[in-house]
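A quick write-up on the structure given underneath.
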Amino acid sequence: MRITVTTIALVSLLAAPSSAQDAGPDPYRLSVGGSVLGFAPQSDFAKNVDFAGGAGGHFLVRLDPEGIAAIRADLSFLVYGHENYRVPLGGGPLGLIQIDVNTTNSIFAGGLGLQLMAPGPRVRPYANASAGFSYFVTSSSAEGTESNEAFASSSNYEDGGFAWTAGGGLYIPLYSRRTTVSLDLGARWIDNGERDYLREDGITFVNNEVQLNPVSSKAQGLQYMLGVTVTFGPRSSDSSQ
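One gets the working numbering by counting positions in the sequence shown from 1 and adding 68 to each.
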């Protein structure tokens, strides 16, 4: 899949100069976007994780003046669990100081792929696919009860590897001049492969000793996106994206 995406990108870039000459200066239009993300685990993953929420961003390089084909890069951050403990800093006089220990279960992900969009000046459906990585990590930090600033942190458990996505959505123009602002509604299937990870209640304490209780499953699900995309550059005669 990596080879296929790379080959398509190279062929498109090699074909681009002729389009650039026909379209005039700077026919390649760049887009950046940000989204609020919701992730609904499926299959075995849903037995261990109820829901994940977070944020993501993407960057598009259009390969033709109409913006039908584009190279797309994505980064995202999701949180699927959080726990808080208020404990004394230590024994003796340190017992007078209370601290908050926060534990967060997170997923970092990134991908590079191809996006195809329908031409037109108004609502534009799109479909995309990417190959990349995902990184599951459970980390803890200690902070003061009043300062809310972490003074110590540590990763408790982590696992990562290859991941792929496929999905689609709609760009709905909100404002269009030289810069176009569009509402971005989308959904995609995410397959992280087999992962070892900690659930929200995956850390327990036995005789004041920390016990990690990881689980293993295929980490798949549907990710929903609601965001805004900003496109820069000259508009084509019949396209606002």
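Glycine included, C-beta positions come from ideal geometry on N, C-alpha and C.
Sheet register partners of residue i (DSSP bridge)
| i | result |
| --- | --- |
| F204 | I175, D227 |
| I240 | L251 |
| A235 | Looking at the sequence itself, residue 235 is Gly, so the reference to Ala does not match. In DSSP, G235 forms a bridge with N196, R256. |
| N170 | N152, S209 |
| I349 | With the chain running from 69 to 309 in the structure shown, residue 349 is simply not present. |
Start and end residues, alpha helix (DSSP H) containing residue i
| i | result |
| --- | --- |
| F119 | F119 -> no alpha helix (DSSP H), and no H or E assigned at all. |
For residue j and residue i, the rounded distance between their alpha carbons
| i | j | result |
| --- | --- | --- |
| G229 | A255 | 22 Å |
| A58 | S284 | The question about residue 58 has no answer here: the residues shown for the chain are numbered 69 through 309. |
| T248 | P187 | 15 Å |
| P95 | P133 | Legend: pLDDT at P95 = 47, less than 50; position of this residue unreliable, value from coordinates given subsequently. One C-alpha to the other measures close to 5 Å. |
| P109 | P193 | 25 Å |
| V155 | G289 | 36 Å |
| A199 | D142 | 10 Å |
| A234 | L280 | 33 Å |
| V117 | Y203 | 16 Å |
| G159 | H150 | 26 Å |
| R190 | S99 | 16 Å |
| Y265 | T172 | 12 Å |
| G181 | E217 | 38 Å |
| T297 | I136 | 16 Å |
Segment limits, beta strand (DSSP E) that includes residue i
| i | result |
| --- | --- |
| L253 | 248-265 |
| T213 | Taken as a continuous stretch (DSSP letters only), T213 belongs to no beta strand (DSSP E), as it is neither H nor E. |
| E378 | Past the edges of the chain, shown from 69 to 309, lies residue 378, and the structure says nothing about it. |
Residue i, buried or exposed, once every other Cβ within 10 Å from all chains shown has been counted against 16
| i | result |
| --- | --- |
| M293 | buried |
| V56 | In this structure the chain extends from 69 to 309, so residue 56 is not present and cannot be described. |
| D252 | buried |
| S221 | exposed |
| R140 | buried |
Contact between the region 207-223 and the region 164-171 (3+ Cβ pairs under 8 Å): The answer is yes - the region 164-171 touches the region 207-223, with three or more Cβ pairs under 8 Å.
Stretch-stretch touch, CB-based, cutoff 8 Å, three pairs: the region 123-142 with the region 176-183: Counting Cβ pairs under 8 Å, three or more are found: they touch.
Three or more C-beta pairs below 8 Å linking the region 219-238 and the region 200-208: Contact holds between the region 219-238 and the region 200-208, because three or more Cβ pairs, one in each stretch, are under 8 Å apart.
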